[in-house]
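Sequences listed follow chains Y and L, in order.
Last residue of the first sequence: 340 in my numbering, with the numbers rising by one and none dropped.
Last residue of the second sequence: 340 in my numbering, with the numbers rising by one and none dropped.
This report refers to the structure that appears directly beneath it.
2 protein chains.
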Amino acid sequence: MTTIKDIAKEAGVSYTTVSNVIHGRTSRVSSQTIAQINEIIKRSGYAPNMSARSLVSNSSKVIGIINHLVPKASGGFIADPFHSAFIGAVEETLRENGYYLMLRTVEDSMDLLSFLRNWNIDGMFFTGLFEDEFFDTLSSVDVPIVLIDSYINHPNMQNVGLEDYKGGYLATKYLIENGHRNIAFASPPIRSHGVVEERLRGYRQALDEFHIPYQEQFLFQGEFDVQSDMLLSRQIAAHKEITAVFATADILAAGIIAGLHDIGLNVPNDISVVGFDDVTLCQLISPTLTTIHQDTVEKGKAAVEFMMNRLNNNRVEEHQKILPVHLIERKSVKRI
Amino acid sequence: MTTIKDIAKEAGVSYTTVSNVIHGRTSRVSSQTIAQINEIIKRSGYAPNMSARSLVSNSSKVIGIINHLVPKASGGFIADPFHSAFIGAVEETLRENGYYLMLRTVEDSMDLLSFLRNWNIDGMFFTGLFEDEFFDTLSSVDVPIVLIDSYINHPNMQNVGLEDYKGGYLATKYLIENGHRNIAFASPPIRSHGVVEERLRGYRQALDEFHIPYQEQFLFQGEFDVQSDMLLSRQIAAHKEITAVFATADILAAGIIAGLHDIGLNVPNDISVVGFDDVTLCQLISPTLTTIHQDTVEKGKAAVEFMMNRLNNNRVEEHQKILPVHLIERKSVKRI
DNA sequence: TTGTACGCGTTATCAC
DNA sequence: GTGATAACGCGTACAA
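See the structure below:
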């Protein structure tokens, strides 16, 4: 492997000079040596040893995307299509900025702390963080943290999220305007400071505006797997008065639609459904899914931008970036 | 940050001793000191500095999952559900073995080489590699490489794949046995040494066995996006004699089904469809998709297992691990 | 059973 | 303009 020393030797200079050239501190190096060194660098395919840099500079150029494994569940991480698109966008933007991405699952605070120290991690992304014990650890760490889809506010962290409230509102309003009054709200378990809670607020706001009473029994909570969705569908269908469902994620919506089909109900003729996210899936199921659109790539970019600001300026201007959502009309809602 | 020195100082021993304890070379350390050192390690939350280790030991414990960005396309990487599930499985298994995962997109050979040197990467995973110029670079590198879903054989690399041939065979045979004779083969562009080529071989084998002539015009190639799928569907529908489609990926199958619906054709009544992969999607679309099942998590585990064997023993016994596939019968095929 | 000293590749400080 | 040299945290050969 070519090192700075090798280059210095070949050029007949000291390694300081080589290092200076590499870092653009060329003010006091003869243009001859600069040219020569650059030539050698190019020819030899020199690439800096990041471990050495990390050791001496206290910056590793490594950013972690952390997956907090709450129970000992498998896969979770990257399983849903939104997540993976997001990670792809993050990697790309990070790379453009000279950073590297590590994926890491941690089981508890200790795990996380070890990981940070192991690699001298420069920054972290967290998705869907809630206010649990784990969060306390996080807030005491002095590494830049960008939270995605979380409603926790903390001076050391920045948030990238969506207009969740508005999304919930738009979806519900759209259903109401199409004549629906008994609208189910389907979601994963609602946790405080989470996005679902906000979407629920939007749902209630829309009901309120149209003077439709909010009913607890129209709340249905499940997990993100086909089994659980089947169950949800049955529960929803059991309420004959329900004519529409707002599901807080497209995969959930798709699962519910499949479940309804399974028990002989037609969407949208018997029940209308609106989703959230606008993943590719929406255009593949039938009926195609009316949903709330979010721009995942933009989300990834925004997250990295925040990170870079923290990393470079160290001056924090904003703490929040809320990306817009809008409704995409497809075929899963019927006017009644 | 706690270092080995700090621990040594606190325990009143030299750092060699601490290092020895950490590495289990306890044979010649008093059990007292061992206990004491372990206690301090636990209490202080000591985590080794991997950069320092990497520098001195020539092993970084970092494995890369490489995304070779052929043109300057975006996202590609992780976009399809199979990929993300695979990455999740790899991360988990890697972690259990004390390794770390970096995700990295590279645009060309230089990029890759730099990345390897930057981090002293211990090993790499590649998905769907073909025999292009890029491959030559790869083969000259002395880092363990595990290829996923690739039919390139190279002494320095190992392969984890599927019974692609059998999968293609099973899917086609199933269609034939259900009375179909004019069966389209839909896939992304067929490249030599790729999985699609093998699945096509299986397709042809099944046709052969039933004395059905193979027809070039029944081959349809597209990309993995909804637009392209719509086009494909139209092309397929234009051949009135075609009664069934074997698509080499579920997302493609789903896209085609959506496209067929769009032009007023019903699946499976007008056209039957069989997919490949058995991703969650299959159960969400309607009709639910009959497909060839593969075990993605097992694939991830197998890949890591290969990697670990290379990394530890350095003795290479097998070069190939082929995971089984089988057909899952759902509702997208009609007996005619 | 424990300690000393060196080197890994890099950066930064200070001197020439 | 350029060059020595210490330091980052760790592993290891060798010495005691």
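All C-beta atoms, glycine included, are put in the ideal place defined by N, C-alpha and C.
Check: How would you write the range of the beta strand (DSSP E) that Y:A253 sits in, first residue to last?; Outcome: Segment: none, Y:A253 is in no beta strand (DSSP E) and carries neither H nor E.
Check: Does the distance from the CB of L:G68 to the CB of L:I152 come in under 8 Å?; Outcome: no
Check: So is L:L116 in contact with chain Y if we call contact Cβ pairs under 8 Å?; Outcome: no
Check: List the endpoints of the continuous beta strand (DSSP E) containing Y:H72.; Outcome: V66 to H72
Check: Quick one: which residues of the region 80-108 of chain Y get their C-beta closer than 8 Å to a C-beta of chain L? List them in chain order.; Outcome: G80, F81, I82, A83, P85, H87, S88, A89, I91, G92, A93, E95, E96, R99, Y104, L105, M106, L107 and R108
Check: Distance, Cα to Cα, L:M106 vs L:L98?; Outcome: 11 Å
Check: In whole angstroms, give me the CA-to-CA distance for L:D281 and L:P328.; Outcome: 12 Å
Check: Please list, in chain order, the residues of the region 238-270 of chain L that have any C-beta partner in chain Y closer than 7 Å.; Outcome: A258, G259, A262 and H265
Check: L:M311 by DSSP, collapsed to three states: which one?; Outcome: helix
Check: State yes or no: is the C-beta of Y:L362 within less than 8 Å of the C-beta of Y:I260?; Outcome: Since the first residue shown for chain Y is 5 and the last is 340, residue 362 of chain Y is missing from the structure and cannot be characterised.
Check: Where do the ends of the alpha helix (DSSP H) carrying Y:S55 lie?; Outcome: M54 to S61
Check: For the region 39-57 of chain L, list every residue whose C-beta sits within 9 Å of some C-beta in chain Y, in sequence order.; Outcome: G49, Y50, A51, P52, N53, M54, S55, A56 and R57
Check: Give me the Cβ distance between L:V150 and L:F129, rounded to the nearest whole Å; I'm assuming they're in contact under 8 Å.; Outcome: 5 Å
Check: Spell out whether any CB of chain Y is found under 8 Å from the CB atom of L:T141.; Outcome: no
Check: By how many angstroms is the C-alpha of Y:R238 removed from the C-alpha of Y:G263?; Outcome: 7 Å
Check: Give me the Cα-Cα distance between Y:G172 and Y:Q231, rounded to the nearest whole angstrom.; Outcome: 25 Å
Check: From L:H158 to L:S143, what distance separates their C-alpha atoms?; Outcome: 7 Å
Check: Nearest to Y:V94 by CA position, among Y:E111, Y:D112, Y:I70 and Y:S113, is which residue?; Outcome: Y:I70
Check: Could you give the first and the last residue of the continuous alpha helix (DSSP H) run that contains Y:H87?; Outcome: P85 to E100
Check: Going by beta-carbon coordinates alone, are Y:I41 and Y:V60 separated by less than 8 Å?; Outcome: no
Check: If distances are taken between C-alpha atoms only, which option among L:V164, L:D112 and L:E43 comes closest to L:V301?; Outcome: L:V164
Check: My parser needs the beta strand (DSSP E) runs of 3 or more residues fully inside the region 115-166 of chain Y; what are they?; Outcome: 127-131, 149-152 and 161-166
Check: Below 6 Å CB to CB, which residues in the same chain sit around Y:S64 once its five sequence neighbours on both sides are set aside?; Outcome: S58, W123, N124 and D126
Check: Using the Cα positions of Y:Y207 and Y:E213, report the straight-line distance between them to the nearest angstrom.; Outcome: 10 Å
Check: Which term fits L:K355, buried or exposed, when burial requires 16 or more other beta carbons within 10 angstroms of its beta carbon?; Outcome: In the structure as shown, chain L begins at 5 and stops at 340. Residue 355 of chain L is therefore absent and cannot be evaluated.
Check: Express the C-alpha separation of L:A190 and L:V199 in angstroms, rounding to a whole number.; Outcome: 13 Å
Check: Taking 8 Å as the CB-CB limit, is Y:A175 close to chain L?; Outcome: no
Check: Shortest alpha-carbon distance to L:V249 belongs to which of L:G16, L:M234, L:N186 and L:I332?; Outcome: L:N186
Check: Can you find the residues in the same chain that come closer than 7 Å, C-beta to C-beta, to Y:P193, ignoring five residues on each side of it along the sequence?; Outcome: Q225
Check: Looking only at its own chain, which residues have a Cβ that is under 7 Å from the Cβ of Y:E333, when we skip the five neighbours before and after it?; Outcome: T294
Check: Can you give the Cα-Cα distance for Y:Q298 and L:N24, rounded to whole angstroms?; Outcome: 53 Å
Check: Identify the contact partners of L:T294 in chain Y, using a Cβ-Cβ distance below 8 Å as the criterion.; Outcome: Neighbours of L:T294 on chain Y: none; closest Cβ ~15 Å, over 8 Å.
Check: Check each residue of the region 220-234 of chain Y: if its Cβ is closer than 7 Å to any Cβ of chain L, include it; give the result in chain order.; Outcome: V230
Check: Indicate whether Y:A251 and Y:L269 have their beta-carbon atoms separated by less than 8 Å.; Outcome: no
Check: Listing by chain order, which chain L residues have their CB less than 9 Å from the CB of Y:M351?; Outcome: This structure does not reach residue 351 of chain Y, given that chain Y is present from 5 up to 340, and the question cannot be answered.
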